[in-house]
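Engineer: Quick one: the structure is below, and I'll ask about it shortly.
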Amino acid sequence: KNQVEQSPQSLIILEGKNCTLQCNYTVSPFSNLRWYKQDTGRGPVSLTIMTFSENTKSNRRYTATLDADTKQSSLHITASQLSDSASYICVVTLMDSSYKLIFGSGTRLLVRP
Amino acid sequence: DTGVSQDPRHKITKRGQNVTFRCDPISEHNRLYWYRQTLGQGPEFLTYFQNEAQLEKSRLLSDRFSAERPKGSFSTLEIQRTEQGDSAMYLCASSTTSGSKNEQFFGPGTRLTVL
Chain A
370 KNQVEQSPQS LIILEGKNCT LQCNYTVSPF SNLRWYKQDT GRGPVSLTIM
420 TFSENTKSNR RYTATLDADT KQSSLHITAS QLSDSASYIC VVTLMDSSYK
470 LIFGSGTRLL VRP
Chain B
302 DTGVSQDPRH KITKRGQNVT FRCDPISEHN RLYWYRQTLG QGPEFLTYFQ
352 NEAQLEKSRL LSDRFSAERP KGSFSTLEIQ RTEQGDSAMY LCASSTTSGS
402 KNEQFFGPGT RLTVL
């Protein structure tokens, strides 16, 4: 079964601190892996995208890694800001004609002052 | 703003009523997807269109649900005889098959509450 699992389920950190979110997937065939940020009551917004051959991708304070052998990914947030408070969802694109997305359940991050 | 719009943003209805949601994708995007997201969970695929053709429907899409994209532009999702279990955020996304990564851009969602 195609699944994406994330940990932790929720996380509270102080402003300015770093954190790392984890994602394991069992999606096949695999096209790419994305991390999305979703603010409460809004649609997801893409942060990074990595294909099978890419190990790391950065976008400002966000750095994503991908190990296609172990089927694991992480999202590292550096120098967190209050506006980083959101759900971070790991998403794998199915490499078939549909290219539909398989979502994890997300990590809810709360950044406190 | 991703360029994908959804209407309404919120809908409260009584059990048994019919509701219809609309999605306007990015204009040059030929693919349109519908997802459903319940509280605390990630979105789940419901159905998708390429132009006006509905190419796949999830088993989550019971016979009370119907989606259309009549002219290959906007899409509607109708739920008949709503049930409390239909309460969720309904997300629409669009993409183009001409790109290599098929990135899907999401709308803000329609939050449905069935009383």
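Protein sequences appear in the order of chains A and B.
Heads up, the first sequence is in this note's numbering, so the first residue is 370 and it goes up one at a time.
Heads up, the second sequence is in this note's numbering, so the first residue is 302 and it goes up one at a time.
In this text, a Cβ means the ideal position worked out from N, Cα and C, and glycines have one as well.
1. With 16 other CB atoms within 10 Å as the buried threshold, where does A:Ser379 fall?
2. Taking DSSP as the reference, what is the three-state secondary structure of A:Gln375?
3. Is B:Asp387 buried or exposed, if buried means 16 or more other CB atoms sit within 10 Å of its CB?
4. Name the two residues that bound the continuous beta strand (DSSP E) containing A:Thr476.
5. Check the DSSP bridge columns for B:Ser367 and list the partner residues they point to.
6. Please check if any C-beta of chain B sits within less than 8 angstroms of the C-beta of A:Leu451.
7. Looking at the secondary structure, which residues open and close the beta strand (DSSP E) in which B:Val305 lies?
8. State the CB to CB distance for the pair B:Phe375 and B:Asp325, rounded to an integer number of angstroms; the pair is presumed to be in contact (CB under 8 angstroms).
9. Have a look at B:Arg316 and B:Ser399 and give me their C-alpha separation to the nearest angstrom.
10. With a CB to CB cut of under 7 angstroms and the five nearest residues on each side skipped, what residues in its chain are close to B:Glu384?
11. For the beta strand (DSSP E) containing B:His311, list its first residue and its last residue.
12. So, with DSSP's three-state summary, where would you put A:Asp438?
Structural biologist: According to the data block:
1. With a threshold of 16 other beta carbon atoms within 10 Å, A:Ser379 falls short and is exposed.
2. Three-state DSSP puts A:Gln375 in a strand.
3. buried
4. Following the DSSP letters along the chain, one finds A:Thr476 inside the beta strand (DSSP E) bounded by residues Thr476 to Arg481.
5. B:Glu379
6. no
7. First-last for B:Val305: undefined, no H or E at that position.
8. With 8 angstroms as the limit, B:Phe375 and B:Asp325 qualify as a contact, their Cβ atoms being about 5 angstroms apart.
9. Their backbone Cα atoms lie some 42 angstroms apart in a straight line.
10. Arg316 and Val415
11. His311 to Thr314
12. coil
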